[in-house]
Amino acid sequence: MKDASPQTIYLEDYTPFGWRIAEVHLTFRLAPHATRVLSRIRFDPAPDAPEQDFFLHGEDLTLIRAAIDGAEITPALSPQGLRCAVPDGSFTFETEVEIAPAANTALEGLYMSNGMYCTQCEAEGFRKITYYPDRPDVMATFTVRIEGTEPVKLSNGNPGGSGNGYAEWHDPWPKPAYLFALVAGDLVNHPGSFTTMSGKEVALNIWVRPGDENKCAWGMESLIASMRWDEKVYGREYDLDVFNIVAVDDFNMGAMENKGLNVFNSSCVLASPETSTDANFERIEAIIAHEYFHNWTGNRITCRDWFQLCLKEGLTVYRDSQFTSDMRSPEVKRIGDVIDLRARQFPEDQGPLSHPVRPESFQEINNFYTATVYEKGAEVIGMLKRLVGDDAYAKALDLYFDRHDGQACTIEDWLAVFQDSTGRDLTQFKRWYSQPGTPHLSVTEDWQDGTFTLTFAQHTPGQPDAQPQVLPIAVGLLGPNGDEVAPTRVLEMTETRQSFAFDGLGARPVPSILRGFSAPVVLERATSASEKSFLLAHDTDAFNRWEANRDLARACLEAMVTEGTEPDDAWLGALEQVVRDDTLDPAFRALMLALPTQAEMAQHLHANGVTPDPDALYAASESLGNAMAARWSGWLGDLRAACTVDAPYDPGAGQSGKRALGGALLALLTRLDGGAAAQAQFDAADNMTLQLGALGCLVHAGTEHAALARFAEQWRGDRLVMDKWFALQVAATAPENAATRAEALTRHPDFDWKNPNRFRAVFGSLAMNHAGFHARDGRGYRLLADWLIRLDEKNPQTTARMCSVFQTWRRYDNARQALMKAELERLAAKPGLSHDVTEMVTRLLG
Ligand code: BES
Ligand code: ZN
0 MKDASPQTIY LEDYTPFGWR IAEVHLTFRL APHATRVLSR IRFDPAPDAP
50 EQDFFLHGED LTLIRAAIDG AEITPALSPQ GLRCAVPDGS FTFETEVEIA
100 PAANTALEGL YMSNGMYCTQ CEAEGFRKIT YYPDRPDVMA TFTVRIEGTE
150 PVKLSNGNPG GSGNGYAEWH DPWPKPAYLF ALVAGDLVNH PGSFTTMSGK
200 EVALNIWVRP GDENKCAWGM ESLIASMRWD EKVYGREYDL DVFNIVAVDD
250 FNMGAMENKG LNVFNSSCVL ASPETSTDAN FERIEAIIAH EYFHNWTGNR
300 ITCRDWFQLC LKEGLTVYRD SQFTSDMRSP EVKRIGDVID LRARQFPEDQ
350 GPLSHPVRPE SFQEINNFYT ATVYEKGAEV IGMLKRLVGD DAYAKALDLY
400 FDRHDGQACT IEDWLAVFQD STGRDLTQFK RWYSQPGTPH LSVTEDWQDG
450 TFTLTFAQHT PGQPDAQPQV LPIAVGLLGP NGDEVAPTRV LEMTETRQSF
500 AFDGLGARPV PSILRGFSAP VVLERATSAS EKSFLLAHDT DAFNRWEANR
550 DLARACLEAM VTEGTEPDDA WLGALEQVVR DDTLDPAFRA LMLALPTQAE
600 MAQHLHANGV TPDPDALYAA SESLGNAMAA RWSGWLGDLR AACTVDAPYD
650 PGAGQSGKRA LGGALLALLT RLDGGAAAQA QFDAADNMTL QLGALGCLVH
700 AGTEHAALAR FAEQWRGDRL VMDKWFALQV AATAPENAAT RAEALTRHPD
750 FDWKNPNRFR AVFGSLAMNH AGFHARDGRG YRLLADWLIR LDEKNPQTTA
800 RMCSVFQTWR RYDNARQALM KAELERLAAK PGLSHDVTEM VTRLLG
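The numbers in numbering that gives the first Met the number 0 rise by one with no breaks, and the one at position 262 of the sequence shown is 261.
Written out as structure tokens, the structure reads:
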């Protein structure tokens, strides 16, 4: 509600709700502008709850009627909800409200997308559907009746009766309101089935708009793989007769784990080789798994309050990353996750939006679905597993599911399970949930009489009150000839400063520290370039091999920017060895070949006390890319040819790794041939990975005109492919054109800015074009702020999420800082600005 003043909610203020709900009965009479929602709820006093007024959340509802035990009442209404006197004992509460799904552009609550009704209730959307205690610790079984002429009408749980104009659903598992879902429309299904470990048949369906049926097979395959994996690895069986997935075009997030009825942004479920890239296929596999895994970590065991969000999200991200590691390559997955953590979570934790994995206060919970809660939250689970070991982790999880099934839990409950099952005191480890900031870990070495000693020190910049964290530091040692002389050992650091000795060594070893990125810290270590090259050549740990290369790449770019040096010959020689080593996974070689992004370099320079100049970073990246291409011109073409896949398209790790390496090589070749090879690949491409990869090269080379037109002609009717068309032009174009191009695209007839995917295609890509967004004259900032102001009136949630692209504003020079600050202030001053965006802008400026 725009007119109510924003309120700050505190973790320490938690109080349980005064009543329990045995059963909820809902009836929906669907109509685009006047849907009626009838609810009948049985309330029983909660024995241990403190005295309180009876209050139900409700926003933007027109109350038609309310009754207690059949007698009409007139409750007191406010923009936040309803208050009334209630009997001392149990009672039945009934309301009828009217809502207007067709007018709902915020995409929260019940809304319409292309004529189809759908809901998004997490975190606090259910209160826009009916009056209810909309908090995750109130769990109830739901019986739902949907009345409407739509051919398909779905809700949570198992199907009940249905007939002309109605369908009924019953969900036997008590759930919080945020897991409620309803979908109704003209949909077609792609069916499948799964037999659970105890022999139960489950009907699986992916529901899509007519025309999208041929894009469901991969989603179904991924769902079945996820169900099987959760049984095998976590012993978790599915618990309903049906599992429905629906694809929706207008959706703020990626997907949502509603019980038995997952709702997906169509970009996160629909796939075909012609229209989706390898990266799309991998993401769809992961996100289907993620939402499915929530059935146990989130739904059967949910959160007591929204401060505990990482309880379900951190754990479920951790589980989906384990799944992807098992389906594909664990090394490649780990490197990708760390790239993502550094790109999204580190800036958050080191800037004005920094908050603990478990925040202690918020105004708008939607603003806390962050990389810190998700990705750092998953890192914390990974550390816990590393500390207790695989078997103890498995036992602890069994106990967690056993002890807390059907409950709404806290991080304290989660840690108690580990304490009780392992006997380990986790008091200090718990700091990971409460201390914000990224710890920095420095290390010095000592060598004496066959004993090698590593001394570590930890501190968290910007957090003067930070106490030492428990850090699992995985270390291995290499001998002078490159052989491993001490296998990986996990050192458990608990103090500010701590030494660990390795004895019985014949010669001074080279340490490989923080293998697999065993803790989410910044490792500060003054090592020579030759030692890094040594690790790049010999480390048995793939992550640290990649990390050594990344360090060298960053150092090279830094020297080019700050000292105007030429690219580092020795490093390029060592990198060449790896890229040309056919015994290595092509996906890994592609990762080695990718340069640090300019945003990553800006972060790196800032950390080293250098103010990043986006134009200089762009120029250095370009000249390094050109130098690589020129230096390797003799073999780029042959190696690329060796990456050709001569088999029907398969999105698995094998083929996609080859295409990733081939794509990286094509980008280099384009620097030599002006786009000839890319044009040929574009013309011949029979899958989107090759087509879009080639188009990206052409845009970068500035020779995209004809290909871009052909692409649009070919894919005019496909929204998801056209999102790529919008995104690529802005992301891959030269920085001086980025804002102009984004601006021109906003005038394109297909720029449907109220669709979050399309808005993000243009403006997310603008923010990702580092030097383009940070154009010296502030055009990039201004354009984005203009559109954020506009979008906020329709969709505060998506607007607020996009505000975070400004989170690094203090890293840059004074002139750019002033320009960004002015845009943030302009946003803040907008009359009627949503609470979501107000909170974000206040934190960014604060
Ligand atoms: N529960 C979330 C979806 C959600 C997020 C609802 C924010 C309401 C507000 C879902 O499980 C989720 O985390 N989705 C992610 C993708 C996932 C693979 C990390 C998303 O939508 O981005
Ligand atoms: Zn999730």
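Glycine is no exception: its CB is placed at the ideal position from the N, C-alpha and C atoms. What you are looking at is a predicted structure, and each value in this text was computed from that prediction instead of being measured.
query: DSSP on residue 39, reduced to helix/strand/coil?
result: In the sequence shown, residue 39 corresponds to position 40, counting from 1. If DSSP states are grouped into helix, strand and coil, residue 39 belongs with the strands.
query: Mind checking whether residue 665 and residue 646 have CB atoms under 8 Å apart?
result: In the sequence shown, the residue the question calls residue 665 occupies position 666. In the sequence shown, the residue the question calls residue 646 occupies position 647. Not a contact, by the Cβ cut-off of 8 Å.
task: Measuring alpha carbon to alpha carbon, tell me which of 636, 506, 489 ends up nearest residue 515.
output: Counted from its first residue, the sequence shown places residue 515 at position 516. It is 489.
query: Quick one: is the Cβ of residue 838 within less than 7 Å of any heavy atom of the ligand ZN?
result: Working through the sequence shown from its first residue, we reach residue 838 at position 839. For the ligand ZN, not one heavy atom lies less than 7 Å from the Cβ of residue 838.
- request: Please confirm whether residue 53 and residue 19 have their CB atoms less than 8 Å apart.
  value: Reading the sequence shown from its first residue, position 54 is the one you call residue 53. Reading the sequence shown from its first residue, position 20 is the one you call residue 19. Contact flag unset, no.
query: By Cβ distance below 6 Å, which residues in the same chain neighbour residue 614 in space, the five residues on each side in sequence not counted?
result: On the sequence shown, position 615 is the one that residue 614 refers to. Excluding residues within five positions, the ones whose Cβ falls inside 6 Å are 770.
field: Distance cut-off 7 Å: residue 801 Cβ against heavy atoms of the ligand BES
entry: For the purposes of this step, residue 801 is taken as the residue at position 802 of the sequence shown. Checking the Cβ of residue 801 against the ligand BES gives no.
- request: Count the other CB atoms, across all protein chains shown, that sit within 10 Å of the CB of residue 791; report buried if there are 16 or more and exposed otherwise.
  value: Along the sequence shown, one-based indexing puts residue 791 at 792. Burial call: buried.
- prompt: Would a C-beta distance cut-off of 8 Å place residue 462 and residue 470 closer than the cut-off?
  reply: Position 463 of the sequence shown holds residue 462. Position 471 of the sequence shown holds residue 470. Going by C-beta atoms, residue 462 is not nearer than 8 Å to residue 470.
- request: Pick out the complete beta strand (DSSP E) segments inside the segment 452-496, 3 residues or longer, and give them in chain order.
  value: 470-477, 483-492
message: Three Cβ pairs or more, each shorter than 8 Å: is that satisfied between the segment 733-746 and the segment 769-784?
response: yes
query: Counting pairs of beta carbons, one from the segment 442-454 and one from the segment 501-510, are three or more of them closer than 8 Å?
result: yes
task: For residue 838, I'd like the list of residues in its chain whose CB is within less than 6 Å of its CB, leaving aside the five on either flank, ordered along the chain.
output: Your numbering for residue 838 matches position 839 in the sequence shown. Excluding residues within five positions, the ones whose Cβ falls inside 6 Å are 362, 363, 366.
- request: Consult DSSP for residue 356 and reduce its assignment to one of helix, strand or coil.
  value: Your numbering for residue 356 matches position 357 in the sequence shown. In the structure shown, residue 356 sits in coil (DSSP, three-state: anything other than H, G, I, E or B).
- prompt: Under 8 Å, do residue 638 and residue 566 count as touching if we go by C-beta distance?
  reply: Counting from one through the sequence shown, the residue named residue 638 turns up at place 639. Counting from one through the sequence shown, the residue named residue 566 turns up at place 567. No, the Cβ-Cβ distance between residue 638 and residue 566 is not below 8 Å.
- prompt: Where do the ends of the alpha helix (DSSP H) carrying residue 684 lie?
  reply: Your numbering for residue 684 matches position 685 in the sequence shown. Premise fails: residue 684 is in no alpha helix (DSSP H) and is neither H nor E.
query: By the 10 Å Cβ neighbour count, where 16 or more other Cβ atoms means buried, how is residue 9 classified, buried or exposed?
result: Here residue 9 refers to the residue found at position 10 of the sequence shown. With fewer than 16 Cβ atoms within 10 Å of its Cβ, residue 9 is classed as exposed.
Segment limits, beta strand (DSSP E) that includes residue 447: Within the sequence shown, residue 447 is the residue found at index 448, counting from 1. Residues 439-447.
- request: Identify the continuous alpha helix (DSSP H) that holds residue 346 and give its terminal residues.
  value: What you label residue 346 is simply residue 347 of the sequence shown in a count that begins at 1. Residues 345-348.
query: Cβ atoms of residue 132 and residue 16: under 8 Å apart, would you say?
result: Taking the first residue of the sequence shown as 1, we reach residue 16 at position 17. Taking the first residue of the sequence shown as 1, we reach residue 132 at position 133. Taking 8 Å as the Cβ cut-off, residue 16 and residue 132 qualify as a contacting pair.
- request: Enumerate in chain order the residues of its own chain whose CB-to-CB distance from residue 627 is below 7 Å, with the five nearest sequence positions on each side excluded.
  value: Here residue 627 refers to the residue found at position 628 of the sequence shown. Closer than 7 Å at Cβ, skipping near neighbours: 571, 667.
message: Does the beta-carbon of residue 761, which I'm using as the reference point, lie nearer than 7 Å to any heavy atom of the ligand BES?
response: Here residue 761 is taken as the residue at index 762 of the sequence shown, counted from 1. Residue 761 Cβ: outside cutoff for every heavy atom of the ligand BES.
One or two residues paired with residue 523 in a DSSP bridge: Here residue 523 corresponds to residue number 524 of the sequence shown, with the count starting at 1. Paired residue(s): 441.
Segment contact flag, the segment 149-159 with the segment 175-186, C-beta cutoff 8 Å, min 3 pairs: yes
Start-to-end residues for the beta strand (DSSP E) that takes in residue 157: In the sequence shown, the residue the question calls residue 157 occupies position 158. Looking at the DSSP string, the run of the beta strand (DSSP E) that includes residue 157 is 157-162.
message: Could you check if residue 315 belongs to the surroundings of the ligand ZN, using beta carbon to heavy atom distance under 7 Å?
response: Position 316 of the sequence shown, counted from the start, is the residue given in the question as residue 315. Yes, the ligand ZN has a heavy atom inside 7 Å of this Cβ.
- prompt: Counting pairs of Cβ atoms below 8 Å between the segment 496-503 and the segment 530-548, do you hit three or more?
  reply: no
task: Examine the ligand ZN and report whether any of its heavy atoms sits within less than 7 Å of the Cβ of residue 312.
output: Stepping through the sequence shown from its first residue, residue 312 is reached at position 313. Within the cutoff, so yes.
- prompt: In terms of residue numbering, what span does the alpha helix (DSSP H) encompassing residue 723 cover?
  reply: Counting from 1 along the sequence shown, the entry for residue 723 is found at position 724. Its alpha helix (DSSP H) spans residues 718-731.
message: Less than 7 Å separating the Cβ of residue 243 from some heavy atom of the ligand BES?
response: Taking the sequence shown and counting its residues from 1, one reaches residue 243 at position 244. Outside the cutoff, so no.
Cβ neighbours of residue 825 in the same chain (closer than 8 Å, five flanking residues each side left out): Within the sequence shown, numbered from 1, the residue matching residue 825 stands at position 826. Closer than 8 Å at the Cβ level, and outside the excluded window around residue 825, lie 784, 788.
query: By how many angstroms is the C-alpha of residue 129 removed from the C-alpha of residue 34?
result: As a first step, residue 34 is located in the sequence shown; it is residue number 35 there, counting from the start. As a first step, residue 129 is located in the sequence shown; it is residue number 130 there, counting from the start. Going from the Cα of residue 34 to the Cα of residue 129 covers about 11 Å.
query: From which residue to which residue does the alpha helix (DSSP H) around residue 152 run?
result: The residue labelled residue 152 in the question sits at position 153 within the sequence shown. Looking at the DSSP string, residue 152 is not in any alpha helix (DSSP H); the run it does join, the beta strand (DSSP E), is 151-154.
- prompt: Of the residues 724, 80, 762, 723, which one's Cα is nearest the Cα of residue 742?
  reply: If you number the sequence shown from 1, residue 742 lands on position 743. Ranking the options by Cα distance to residue 742, first place goes to 762.
Near the ligand ZN: residue 256 beta-carbon under 7 Å from a heavy atom: Here residue 256 refers to the residue found at position 257 of the sequence shown. Yes; taking the cut-off as 7 Å, the Cβ of residue 256 has a heavy atom of the ligand ZN nearer than that.
message: So, under 8 Å CB-CB, residue 794 and residue 104 are touching, yes? Tell me the CB distance rounded to an integer number of Å.
response: The residue you call residue 794 lines up with position 795 of the sequence shown. The residue you call residue 104 lines up with position 105 of the sequence shown. Confirmed, about 6 Å.
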